[in-house]
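S.K.: Every letter in the sequence shown is one number past the one before it in UniProt numbering, and letter 355, counting from 1, is 355. Don't be surprised by glycine CBs; every beta carbon is placed ideally from N, CA and C. All of these numbers come straight from a predicted model, not from anything done at the bench.
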Amino acid sequence: MFNRTTSFIFNKYGEIISEINKRQSIKMSHNIIRLKEKSISSYNVYSCDTYVKVTSGIVMLVVSLDEDASNYDKFVIHRIIKIKKGVKFNFISISNSSKVELITEIGAKRTSVPTYGKMPVHYERLVPNFTIKEIYGYYYQVRNANYVFPGEKHDFWELSFIDNGILDTTVDGEVFKLNNFDLVLYAPNQFHTQSTASHQSCSYLTILFDMDLKDPERITNRVYTANRDMHNALNNFIKISNNEIMYDSELLLCYLKELIVKILQYDFTSSTPIASTPMQQRFENELLNEVLIYINENIYESLTIEEICHKFSISRSSLQTLFKNNLNMAPKQYISDLKLNKSKLLIKESVYTISEISSKLGFTSIHYFSRKFKQQYGITPTDYAKTIYN
């Protein structure tokens, strides 16, 4: 998440000002800087305070106080800012192009210093790394025992997800076996065959689509066992595929892309198993919903895990598993996050003091509350309150 220059964190580098005094402005040097680059390799250091106003586009400010600029912060410029004398700074254009007005004392000395180790500082653009251009078709198939498909190759992607049974497949001569909840991807122009065993049928979902992905070998020639996130994306895809509401095709593309993202992340994220049966999943969903409602209704109490376990007649380990499988976090963490999020809302309302909020939400002390708040949001509750009206 981006920080803006209105954040309290920016105060060590400068401050927000409402406007520059006209009489003062006449006596100062005004320069317009046009920006397009997405990285910097040097900083500017001025012998006086520097005023900055964005006149077009969206601009990121990179600032450092370190002598060698080994540590730096990034801020999206919001409002007119004054950068303190001696602070190292430079600009990166977030939008395609932008302009800033730089205002300094006439005759101010400017020094250019390199970034740490002369390594460029980049703005990582939030743009797609791959695109799914079109879904050509999707269908659910049931193949009897002894089914043999001799093989084909084509110029589009194909995904097969096994709902029930076993499917044998070869990809460019390499043999793979897919069991329940396994899936495989065939890249364009990969020759592949499919067959079932002599004693068992197989049902599976097939999706045919056009995708622009660099290095397709990253996700091909292997079998993936769908985790819960992948299974949820598939379930959402299937659910939407049965609708005929305007723009549902956009959701189909989104859910398929979500599935591909989860596949790309497969080796880098922890795996949460799929519920073994629909009945188990339904039980988990209902129980989790009841637990979450109970926590929300009692958020102002000093809730303990033991109280929740007693309330719902489940063991501590079962509660831990329920939260881990469905929310990917421990129940204690969920309660803490919820209390801290609620504290932010209470601070914004400006009805209670920080001490009262800490007590109201059941924290053992204001010091413990402040420490947890800063761990979560990188700022103390008191400093957060100061940013609200900036």
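For tyrosine 384, count the other beta carbons within 10 Å of its own beta carbon; 16 or more makes it buried, fewer makes it exposed. Which is it?
M.R.: By the 10 Å Cβ count, tyrosine 384 comes out buried.
S.K.: Along the chain, which unbroken stretches of the alpha helix (DSSP H) at least 4 residues long are found entirely within the stretch 102-161?
M.R.: Runs found: none.
S.K.: Alpha helix (DSSP H) containing aspartate 337: first to last residue?
M.R.: Residues 331-349.
S.K.: Give the C-beta separation of isoleucine 58 and isoleucine 94 to the nearest angstrom, bearing in mind that I take them to be a contact with Cβ-Cβ under 8 Å.
M.R.: At roughly 4 Å, the Cβ-Cβ gap stays under 8 Å, so isoleucine 58 and isoleucine 94 are in contact.
S.K.: Which class does alanine 69 belong to by DSSP, given the choice of helix, strand or coil?
M.R.: Coil at alanine 69, not helix or strand.
S.K.: For methionine 279, which three-state DSSP category applies?
M.R.: Any answer about methionine 279 is weak, because its pLDDT of 47 lies below 50 and its placement is not dependable; what the coordinates show is given next. Looking at methionine 279 - three-state DSSP - the assignment turns out to be helix.
S.K.: Entirely within the stretch 183-254 and at least 4 residues each: give me those alpha helix (DSSP H) ranges in chain order.
M.R.: Correct list: 228-241.
S.K.: In the structure shown, what three-state DSSP assignment does isoleucine 32 receive?
M.R.: In the structure shown, isoleucine 32 sits in a strand (DSSP, three-state: E or B).
S.K.: Short of 6 Å in beta carbon distance, which residues of its chain neighbour isoleucine 357, apart from the five on each side in sequence? Order them along the chain.
M.R.: So the list reads Ser343, Leu346, once near-sequence residues are dropped.
S.K.: With which residues is leucine 167 paired in a DSSP beta bridge?
M.R.: DSSP, once it has assigned bridges, lists Leu178 as partnering leucine 167.
S.K.: How many whole angstroms separate the CB atoms of serine 39 and valine 121, which I take to be in contact at a CB cut-off of 8 Å?
M.R.: Confirmed, about 6 Å.
S.K.: In whole angstroms, give me the CA-to-CA distance for methionine 279 and threonine 225.
M.R.: Here methionine 279 scores only 47 on pLDDT, less than 50, and its place in the model should not be relied on; the value that follows carries that caveat. Their backbone Cα atoms lie some 21 Å apart in a straight line.
S.K.: So which of Ile32, Ile26, Ser198 has the shortest CA-CA distance to lysine 53?
M.R.: The residue with the shortest Cα to Cα distance from lysine 53 is Ile32.
S.K.: Return the bridge partner residues of valine 87 from the DSSP annotation.
M.R.: Paired residues: none, contrary to the question.
S.K.: To the nearest whole angstrom, what separates the beta carbons of asparagine 44 and serine 112, a pair I think is in contact under 8 Å?
M.R.: Rounded, the Cβ-Cβ distance is 6 Å, consistent with contact.
S.K.: Spatial neighbours of residue 423 within its chain, please: C-beta separation below 7 Å, excluding the five flanking residues on both sides.
M.R.: Past the edges of the chain, shown from 1 to 390, lies residue 423, and the structure says nothing about it.
S.K.: How is the alpha helix (DSSP H) around asparagine 325 delimited, first residue to last?
M.R.: Its alpha helix (DSSP H) spans residues 316-327.
S.K.: Report the three-state DSSP secondary structure of arginine 79 (helix, strand or coil).
M.R.: If DSSP states are grouped into helix, strand and coil, arginine 79 belongs with coil.
S.K.: In terms of residue numbering, what span does the alpha helix (DSSP H) encompassing glutamate 356 cover?
M.R.: Unbroken alpha helix (DSSP H) run through glutamate 356: 354-360.
S.K.: With DSSP run on the structure shown, which of helix, strand or coil describes leucine 292?
M.R.: Leucine 292 falls in the helix class under three-state DSSP.
S.K.: Determine the DSSP secondary structure at tyrosine 300, reduced to helix, strand or coil.
M.R.: Of the three classes helix, strand and coil, the one that applies to tyrosine 300 here is coil, per DSSP.
S.K.: The alpha helix (DSSP H) spanning threonine 387 covers which residue range?
M.R.: Element bounds for threonine 387: 381-387.
S.K.: Determine contact between the stretch 233-241 and the stretch 327-339, defined as no fewer than three beta-carbon pairs at a distance below 8 Å.
M.R.: Output reads no: the stretch 327-339 does not touch the stretch 233-241.
S.K.: Can you check DSSP and say which residues form a bridge with methionine 60?
M.R.: Beta-bridge pairing links methionine 60 to Val76, Ile92.
S.K.: Less than 8 Å separating the beta-carbons of threonine 169 and glutamine 190?
M.R.: No, Cβ-Cβ distance for threonine 169 and glutamine 190 is not below 8 Å.
S.K.: Excluding five sequence neighbours on each side, which residues of the same chain lie with their C-beta closer than 7 Å to the C-beta of glycine 378?
M.R.: Excluding positions up to five away in sequence, the list is empty.
S.K.: Do you know offhand how far serine 317's Cα is from aspartate 212's?
M.R.: Whole-angstrom Cα-Cα distance: 44 Å.
S.K.: Using a 10 Å radius around the Cβ and a threshold of 16 neighbouring Cβ atoms, would you call lysine 311 buried or exposed?
M.R.: Its Cβ having fewer than 16 others within 10 Å, lysine 311 is exposed.
S.K.: Kindly list the residues whose CB is nearer than 6 Å to the CB of lysine 109, restricted to its own chain and excluding five residues on each side of it in sequence; keep chain order.
M.R.: Same-chain partners within the cutoff: Ser47.
S.K.: Kindly indicate which three-state DSSP category lysine 311 falls into: helix, strand or coil?
M.R.: It is helical.
S.K.: Does the Cβ-Cβ distance between isoleucine 103 and methionine 28 come in under 8 Å?
M.R.: In contact: isoleucine 103 and methionine 28 (Cβ atoms closer than 8 Å).
S.K.: Using a threshold of 8 Å, state whether the C-beta atoms of arginine 34 and lysine 99 are closer than that.
M.R.: Closer than 8 Å, so yes.
S.K.: Within 10 angstroms of its Cβ, does leucine 259 collect 16 or more other Cβ (buried), or is it exposed?
M.R.: Classification of leucine 259: buried, given that the 10 Å Cβ count is 16 or more.
S.K.: By Cβ distance below 6 Å, which residues in the same chain neighbour isoleucine 77 in space, the five residues on each side in sequence not counted?
M.R.: Contacts found: Thr5, Val54, Val59, Leu61.
S.K.: Determine the contact status of threonine 206 and serine 160, defining contact as a CB-CB distance below 8 Å.
M.R.: A contact, by the Cβ cut-off of 8 Å.
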